[in-house]
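What follows is one structure encoded as structure tokens, with my remarks underneath.
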Amino acid sequence: MQSASLLLAVLLVPAQGIAATLALTPAQRTGIDAAFKQYKTPGTPGCALGVLRNGTAVYARGYGMADLERNVRITPASVFEVGSTSKQFAAAAIALLVNEGKVSFSDDIHKYIPELPSYGAPLTLNELMWHTSGLRDYTDLLALAGYGLEQATTDEQALSAIVRQRGLEFPSGTQYEYSNTNYFLLSVIVKRVTGETLAQFVRRRIFIPLGMTHTVYRTDYAMLIPDRAMGYAPAGGGRFKNSMSNWQQTGDGGVQISIDDAAKWDANFYNARVGGRRMIDELQTPGHLSNGKRLGYARGLFVGAYRGLKMVSHGGAWIGYRAAFNRFPAVHTSIIVFCNSDAAQPDGLAQQVADVVLAPYLAAPAHADFLVRPVQSQTPARDLIGAYLNRMSGEVFHVAAQRRSVAIEAGGAMYPLTPAGGSTFRLGSTIVRFAIGSDGRATSLALGEGEDATVAQRFTPQAPTVQQLAGAGGSYYSGELDVTWQLRVSGRHLLLEPSRFVPQGAAGPLDPQLPDTFTSDAGGFLIHFTREGNAVTGFTLSAGRGLRSLAFTRVR
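Residue numbering for the sequence shown follows this note's numbering, starting at 5 and increasing by one per position.
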């Protein structure tokens, strides 16, 4: 908890005194640069950094390369794809329309998108903006229907995938679950209300008035974007490969922006040239569930705190790009990190910069004792090792002993866990907690904390017998994806046959986990067979954070 003296120190800093208080010393600049030392290696992608005060950069520079083929370095003018950091601009577009009386936050979205199925109750714009709609994520739907990121996909294809869904993952307003569908549909609403695409509307109403002349939405995979930093992914051996997408949807993402232009948007939160204070307040007011529970998500922005200091933020991750945009309104300071490698961790980098720049205003770090000096775990490794299954996403995490601690495997890589006392560990800045049963052995683990924690139950993988696999081979159709998948049994193995309707890399053997339950690491999904008696009638598929129990029916 933030101490009373620290809180008073923050509240008593007058706005006109912030310049002197936050002027960077040579030591601070050295400390900031040290956080980005990994990008000093020649021939690597990297990041652009902006430390802003009242929307003006007090420190801005680039680290690493914007274009490896052409040997172009990253600068504050380099333009990055910022993924979900884009959502605040779609939210701002809707807020402008609300304040002009053209739409209402409480409108049922069927008023604008009548082709959506009826869900039995109104689904409002607010529920889209707060991620409480229950709508499945269209990015998962397209991927599961076999659309790879290198294929050009359109708004029409995304909307068609959404309209095919016969129901919600939960009654709207009752849960928070992040879904890109929500903000994509906001772009559809903007176009139907104004006659302009979201890209056109935001450029005319926000980007141009604020002088953000280099910021654009990428609406065409073939469009040229001056000063663009290309996206990359590690290729092993210190090499990199291109990591770019040809998907063309907007609202949930799509904004291409530089640190220089981001500073102009940040300044609008203090002088409100576009939208006035009303829009700024609407973007930063947290949402709530139908039972009144307050959320940590507002409209296109998270509202929380970092080390006791209020922080308004939104990160982004899409193909070879990563972004962090963190604003600390009490001290009129923002820290922005845009990166062009999918291995980058801008959130952690932004936190390290905040630790340097905002040190006088920050409370002691959570778990400060083990941040400085790792402690001995009080739970033996033998009681933690094993497999853990997240049934919602289909993810399987393997925990193994490593030196004096344990490590967790995810996506084919092992990540060491730092003991934090008891059955709590740290993975970078993420807290990992194991729940311990009455026998002293772990029963589950949670990565992260609060509403966004990923919870996985411990289980013992079971290889199926030939008898258990009998009848599992065949063709299965999903009306909600409009695809047919073909499964084949080979001995004691179940294989997904290749097809253009199968996610990239997912064809081949599926991994048995529990009876009638299989996963695909490459495809990122879990299937569970349904039966009538002993006869297999279909399976349900779960994938990602917002897609559970999508039905496939056996057709032959």
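Backbone N, C-alpha and C define an ideal beta-carbon position, used for all residues, glycine too.
Predicted, not measured: the structure shown is a model, and the values here were computed from it.
### Bridge partner(s) assigned by DSSP for Phe-438
Leu-449
### Query
Nearest to Tyr-392 by alpha carbon, out of Ser-409, Val-459 and Thr-383?
Val-459
### Query
Tell me which same chain residues have a C-beta within less than 7 Å of the C-beta of Trp-251, skipping the five on either side of it?
Cβ neighbours of Trp-251 beyond the five flanking positions: Leu-153 and Thr-157.
### Message
Quick check: the Cα distance between Val-376 and Val-403, rounded to an integer number of angstroms?
### Response
Bear in mind that the predicted position of Val-376 carries a pLDDT of just 40, short of 50, making it too unreliable to give a figure here.
### Query
Of the residues Arg-549, Glu-85 and Gly-241, which one's Cα is nearest the Cα of Asp-346?
Glu-85
### Task
Please confirm whether Ala-165 and Tyr-187 have their CB atoms less than 7 Å apart.
no
#### Entry: Simplified DSSP state of Phe-2, which is helix, strand or coil
In this structure the chain extends from 5 to 560, so residue 2 is not present and cannot be described.
### Query
Does the region 344-362 come close enough to the region 36-43 to have 3 or more Cβ pairs within less than 8 Å?
yes
### Euclidean distance between Cα positions of Gly-242 and Tyr-325
18 Å
### Query
Exposed or buried, which one is Thr-289 when buried takes at least 16 other CB atoms within 10 Å?
By the beta-carbon neighbour count (other beta carbons within 10 angstroms, threshold 16), Thr-289 is exposed.
### Query
Does DSSP classify Lys-245 as helix, strand or coil?
strand
### Task
With a 10 Å radius around its C-beta and 16 neighbouring C-beta atoms as the bar for buried, classify Asp-373 as buried or exposed.
Low local confidence applies: a pLDDT of 41 at Asp-373 is under 50, so the model's placement there is unreliable, with the coordinate-based value given in what follows. Here Asp-373 is exposed, its C-beta having fewer than 16 other C-beta atoms within 10 Å.
### Gly-550 to Leu-514 span [Cα, whole Å]
22 Å
### Message
What does the alpha-carbon distance come out to for the pair Ala-139 and Asn-75?
### Response
Per the sequence shown, the amino acid found at residue 139 is Leu instead of Ala. Each residue's alpha carbon lies about 43 Å from the other.
### Message
If distances are taken between C-alpha atoms only, which option among Arg-311, Val-506 and Gly-475 comes closest to Asn-489?
### Response
As written in the sequence, residue 489 is Trp, which differs from the Asn given in the question. Selected option, being the one with the closest Cα: Val-506.
### Task
Starting from the C-beta of Ala-321, find all residues in its chain whose C-beta is less than 6 Å away, skip the five residues before and the five after it, and write them out in chain order.
Apart from the 5 residues on each side of it in sequence, Ala-321 sits with its Cβ closer than 6 Å to the Cβ of Gly-87 in its chain, given in chain order.
### Query
Thinking C-alpha only, which one of Met-133, Asn-246 and Ala-539 is nearest Thr-48?
Comparing Cα positions, the closest option is Asn-246.
### Query
Should the region 265-275 be called in touch with the region 163-179, which here means at least 3 C-beta pairs below 8 Å?
no
### Query
Which parts of the region 281-340 are runs of the beta strand (DSSP E), unbroken and 3 residues or longer, counting only runs that do not cross its ends?
306-310, 313-322 and 325-332
### Task
Take the Cβ of Lys-195 as the centre, count every other Cβ of all protein chains shown within 10 Å, and call the residue buried at 16 or more, exposed below.
buried
### Task
Put Pro-369 into one of helix, strand or coil per three-state DSSP.
coil
### Query
The alpha helix (DSSP H) with Glu-160 in it runs from where to where?
Per DSSP, Glu-160 belongs to the alpha helix (DSSP H) from 159-167.
### Query
Taking all protein chains shown into account, do 16 or more other C-beta atoms lie within 10 angstroms of the C-beta of Lys-1, making it buried, or fewer, making it exposed?
Look at the range of the chain in this structure, 5 to 560, and you will see that residue 1 is not part of it.
### Query
Which stretch, first to last residue, makes up the alpha helix (DSSP H) that contains Gly-35?
30-39
### Query
Exposed or buried, what is Gly-50 when buried is set at 16 or more other beta-carbons lying within 10 Å of its beta-carbon?
Buried is the call here.
### Query
If you drop the 5 nearest sequence neighbours on each side, which residues of the same chain put their C-beta closer than 7 Å to that of Gly-512?
Contacts found: Leu-499 and Leu-500.
### Query
What residue does the beta strand (DSSP E) around Arg-492 start on, and which one ends it?
487-494
### Query
Which residue's Cα is closest to the Cα of Asn-538: Gly-475, Gly-68 and Thr-557?
The residue with the shortest Cα to Cα distance from Asn-538 is Gly-475.
### Query
Looking at C-alpha atoms only, which residue of Asp-231, Val-206 and Asp-112 is the closest neighbour of Ile-78?
Asp-231
#### Entry: Proximity of Gly-398 and Ala-547 at Cβ, strictly below 7 Å
Ala-547 is positioned such that its CB atom lies closer than 7 Å to that of Gly-398.
### Message
With distance defined between alpha-carbon atoms, name the residue in Asp-285, Ala-64 and Leu-518 nearest to Ala-81.
### Response
Ala-64
### Query
In whole angstroms, what is the alpha-carbon distance linking Ala-555 and Gln-406?
40 Å
### Task
Spatial neighbours of Gly-68 within its chain, please: CB distance less than 6 Å, with the 5 preceding and 5 following residues excluded, ordered by chain position.
Tyr-43, Thr-48, Pro-49, Gly-50 and Ile-78
### Message
Mapping the DSSP letters down to three states, classify Gln-252 as helix, strand or coil.
### Response
coil
### Task
Could you work out which residue in Pro-30, Glu-104 and Ala-125 is closest to Asp-112 when comparing CA atoms only?
Ala-125
### Message
Given a cut-off of 7 Å on the beta-carbon distance, is the pair Thr-128 and Leu-202 in contact?
### Response
no
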